[in-house]
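*Asks:* Sharing a structure below in structure tokens format, with a few things to ask.
In the working numbering, the protein residues as written are 354 to 911.
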């Protein structure tokens with residue numbers, strides 16, 4: 354397929370040669386770049402596996418095609434004129450923008466190919482045009498993958514002419530996405546530092562993962578709601594201001610709607626790319642090349658603070674309170690600080706943290722079949738009366754499985770030699786600090802939010818429930834760390850986890866059984882207090898033996 358793409362790009366070789374481009378060099382560079390794309394780990398969906406793969410770009414195309422099939426829900430679930438295509442292209446553009454931001458970060462920030470190309474006799478025009486073609490091909494793959502299911506559906510349901518209009522709609526949406534992404538890059542690089550910009554890109558990848566999760570669980574029910582089905586597009590002027598509404602106007606204009614609204618929206622669809630291009634080139638393009646050079650040559654270095662100027666942080670205060678030895682204190686601070694700085698860890702773990710409130714909302718408000726016709730207030734009262742809120746206490750524990758799965762992995766794992774040359778006589782104390790940092794940082798925030806909401810809506814009777822679920826969380830954290838963690842923090846190369854399926858399954862089953870038992874006992878206050886006391890005692894007993902663990906299974910990876 355890459356050969357076909359390159360040959361298609363070379364059809365304009367006479368034009369390239371007229372502007373001074375060496376087409377032979379351009380062909381070689383373009384082929385290599387496309388081959389590198391096929392071997393590069395996926396980024397758009399938060400997947401950064403280091404496993405060798407020769408078809409990454411086409412797997413990305415297939416994933417986007419699957420997401421394009423999901424977007425078809427908007428076309429056949431909403432029958433309102435304008436509205437179905439407005440929602441479709443709104444989500445289409447959001448997903449394409451986030452995907453392009455993730456991939457542009459790789460293309461723009463990865464300068465390793467420059468070290469090979471620039472010392473060679475390759476002139477600037479050839480290099481620049483090859484880069485532009487490479488970016489254009491990457492964009493086309495993603496846009497076609499996302500739009501192809503919608504095109505097929507439009508041709509089948511509305512005819513060939515509507516399909517032609519859909520191609521123009523998708524093209525305009527793609528051009529707008531490219532300009533918006535460029536605008537984002539130019540604004541971000543103009544007003545924020547290099548390191549902050551890279552952090553923003555990482556957080557947007559996290560947002561993309563959460564957005565996909567939210568769409569999967571909530572959109573079918575939202576589209577079936579009376580609010581959406583009865584919405585009159587012409588009576589909601591604020592919708593006319595969205596780019597997706599402008600694009601939807603083309604489809605209605607093609608169906609014979611010659612109203613002022615259809616004409617105005619279609620005109621806006623044609624003019625918006627030109628306006629965005631003018632704004633971008635007029636106000637934000639100054640110093641772009643210099644900024645890109647800074648992005649490509651900058652290192653992930655943090656400002657070093659001396660002991661005299663460094664202020665005590667939250668992690669320092671918590672470490673001093675929660676740990677009882679210098680080694681345990683060091684493990685706590687190491688995990689707390691590194692997990693807050695490493696983008697690789699954030700893009701893998703943070704989406705799982707966001708899944709908890711999304712899944713809670715979906716289970717108890719969107720799919721509350723027992724009270725499907727009630728208002729949200731009635732559904733909330735039903736949740737409190739039946740005590741089904743307890744399940745979210747235990748569901749949030751599953752995030753610890755993800756945390757401990759990745760807490761041992763790092764791109765710079767060879768720095769872990771320090772663990773094996775340092776005089777660590779009690780590794781269990783170090784891992785105890787690791788355990789406490791992960792538990793406090795990634796589980797306790799959920800319990801703090803649950804405590805505030807529980808005291809506000811339920812009152813003091815919820816205290817024993819919170820105490821029991823927190824103690825069970827501590828016990829589960831110890832068991833997860835013992836049975837799934839096979840090394841010191843950030844001491845192993847990034848890889849797919851294998852051989853822990855049975856352990857994870859047993860731990861999930863144990864957490865589920867305990868959670869269901871808590872649900873059965875919730876009406877007996879004395880029993881909940883007794884179980885909470887037993888769980889607290891079990892936690893401290895396990896923690897005592899955990900600190901004595903030798904961790905012989907931890908080994909240095911060359």
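Glycine included, C-beta positions come from ideal geometry on N, C-alpha and C.
Rounded to the nearest angstrom, what separates residue 481 and residue 693 at their Cα positions?
*Replies:* Near 37 angstroms, if we compare the C-alpha coordinates of residue 693 and residue 481.
*Asks:* Which residue from 780, 522 and 697 puts its Cα closest to that of residue 765?
*Replies:* Taking only the C-alpha atoms, the option nearest residue 765 is 697.
*Asks:* Throw me the rounded Cβ distance for the residue 762 and residue 704 pair, which I believe falls under 8 angstroms.
*Replies:* About 16 angstroms; that fails the 8 angstroms criterion.
*Asks:* Would you tell me roughly how many angstroms separate the C-alpha atoms of residue 373 and residue 626, rounded to the nearest one?
*Replies:* About 29 angstroms.
*Asks:* Between the alpha carbons of residue 415 and residue 808, how many angstroms are there, rounded?
*Replies:* Looking at the two C-alpha atoms, the distance is approximately 47 angstroms.
*Asks:* Note down the Cα distance separating residue 823 from residue 559, rounded to an integer number of angstroms.
*Replies:* Roughly 27 angstroms between the two C-alpha positions.
*Asks:* Out of curiosity, what's the CA-to-CA distance linking residue 486 and residue 478?
*Replies:* Roughly 12 angstroms separates the two Cα atoms.
*Asks:* Give the DSSP-derived three-state secondary structure of residue 779 in the structure shown.
*Replies:* Coil at residue 779, not helix or strand.
*Asks:* For residue 564, which three-state DSSP category applies?
*Replies:* In the structure shown, residue 564 sits in a helix (DSSP, three-state: H, G or I).
*Asks:* Can you give the beta carbon distance from residue 668 to residue 709, rounded, assuming they're within the 8 angstroms contact cut?
*Replies:* The Cβ separation is near 23 angstroms, so there is no contact.
*Asks:* Can you tell me whether residue 379 is buried or exposed? The criterion is at least 16 other CB atoms within 10 Å of its CB, across all chains shown.
*Replies:* With 16 or more Cβ atoms within 10 Å of its Cβ, residue 379 is classed as buried.
*Asks:* Does DSSP put residue 762 in a helix, a strand or coil?
*Replies:* The answer is strand: DSSP assigns residue 762 an E or B state.
*Asks:* Drop a sphere of 10 angstroms on the beta-carbon of residue 520, count the other beta-carbons inside from all chains shown, and report buried for 16 or more, exposed for fewer.
*Replies:* Its Cβ having fewer than 16 others within 10 Å, residue 520 is exposed.
*Asks:* Just to check my reading of the structure: residue 313 and residue 688 have Cβ atoms closer than 8 angstroms, yes? What is that Cβ distance to the nearest angstrom?
*Replies:* Examination of residue 313 is not possible in this model, given that the chain is present from 354 through 911 alone.
*Asks:* Spell out a yes or no on whether the segment 871–890 and the segment 810–827 are touching, meaning 3 or more CB-CB pairs, one atom from each, closer than 8 angstroms.
*Replies:* As far as the Cβ criterion goes, the segment 871–890 touches the segment 810–827, which means the pair count is three or higher.
*Asks:* Would you kindly report the start and end of the unbroken alpha helix (DSSP H) that includes residue 494?
*Replies:* Run containing residue 494: 477–511, per the alpha helix (DSSP H) assignment.
*Asks:* Exposed or buried, residue 527, counting other C-beta atoms within 10 Å across all chains shown (16 or more means buried)?
*Replies:* With 16 or more Cβ atoms within 10 Å of its Cβ, residue 527 is classed as buried.
*Asks:* Under 8 angstroms, Cβ to Cβ, is there at least one residue of chain D near residue 880?
*Replies:* In the structure shown, chain D does not exist; there is a single protein chain.
*Asks:* List the endpoints of the continuous alpha helix (DSSP H) containing residue 768.
*Replies:* Segment: none, residue 768 is in no alpha helix (DSSP H) and carries neither H nor E.
*Asks:* Determine the contact status of residue 495 and residue 604, defining contact as a CB-CB distance below 8 angstroms.
*Replies:* Not a contact, by the Cβ cut-off of 8 angstroms.
*Asks:* How many angstroms separate the CA atom of residue 565 from the CA atom of residue 476?
*Replies:* Whole-angstrom Cα-Cα distance: 42 angstroms.
*Asks:* Could you give the distance in angstroms between the alpha-carbon of residue 812 and the alpha-carbon of residue 620?
*Replies:* In a straight line, the C-alpha of residue 812 is about 57 angstroms away from that of residue 620.
*Asks:* Which residues in the same chain have their Cβ closer than 6 angstroms to the Cβ of residue 800, if we skip the five residues on either side of it in sequence?
*Replies:* Excluding sequence neighbours, residue 800 sits near 823.
*Asks:* Using alpha carbons as the reference points, say which of 835, 385 and 426 lies closest to residue 895.
*Replies:* Here the closest residue by C-alpha is 835.
*Asks:* Okay, do the segment 530–550 and the segment 599–615 touch, 3+ Cβ pairs below 8 angstroms being the bar?
*Replies:* As far as the Cβ criterion goes, the segment 530–550 does not touch the segment 599–615, which means the pair count is below three.
*Asks:* Alpha carbon to alpha carbon, what distance is there between residue 861 and residue 751?
*Replies:* When rounded, the distance between both Cα atoms is 7 angstroms.
*Asks:* With a CB to CB cut of under 6 angstroms and the five nearest residues on each side skipped, what residues in its chain are close to residue 629?
*Replies:* Once the five neighbours on either side are set aside, the close Cβ partners of residue 629 are 532.
*Asks:* Which residue's Cα is closest to the Cα of residue 700: 767, 555 and 500?
*Replies:* Per the Cα distances, 555.
*Asks:* Quick one: any contact between the segment 504–512 and the segment 382–389, if contact means 3 or more CB pairs under 8 angstroms?
*Replies:* The answer is no - the segment 382–389 does not touch the segment 504–512, with fewer than three Cβ pairs under 8 angstroms.
*Asks:* Starting from residue 355 and walking both ways along the alpha helix (DSSP H), at which residues does that stretch end?
*Replies:* 355–362 is the extent of the alpha helix (DSSP H) around residue 355.
*Asks:* Count Cβ pairs between the segment 772–779 and the segment 732–745 that sit closer than 8 angstroms; are there 3 or more?
*Replies:* Output reads no: the segment 732–745 does not touch the segment 772–779.
*Asks:* Quick check on the burial criterion: 16 or more other C-beta atoms within 10 angstroms. Buried or exposed for residue 767?
*Replies:* Residue 767 is exposed by the Cβ-count criterion.
*Asks:* Do residue 606 and residue 615 have their CB atoms nearer than 8 angstroms?
*Replies:* Yes, they are a contact pair.
*Asks:* Going by alpha carbons, who is nearest to residue 443 out of 874, 631 and 592?
*Replies:* Measuring from the Cα of residue 443, the nearest candidate turns out to be 592.
*Asks:* Can you name the start and end residues of the alpha helix (DSSP H) that residue 341 belongs to?
*Replies:* This structure cannot speak to residue 341, because the chain is shown only from 354 to 911.
*Asks:* Would you kindly report the start and end of the unbroken alpha helix (DSSP H) that includes residue 380?
*Replies:* Taken as a continuous stretch (DSSP letters only), the alpha helix (DSSP H) holding residue 380 covers 376–392.
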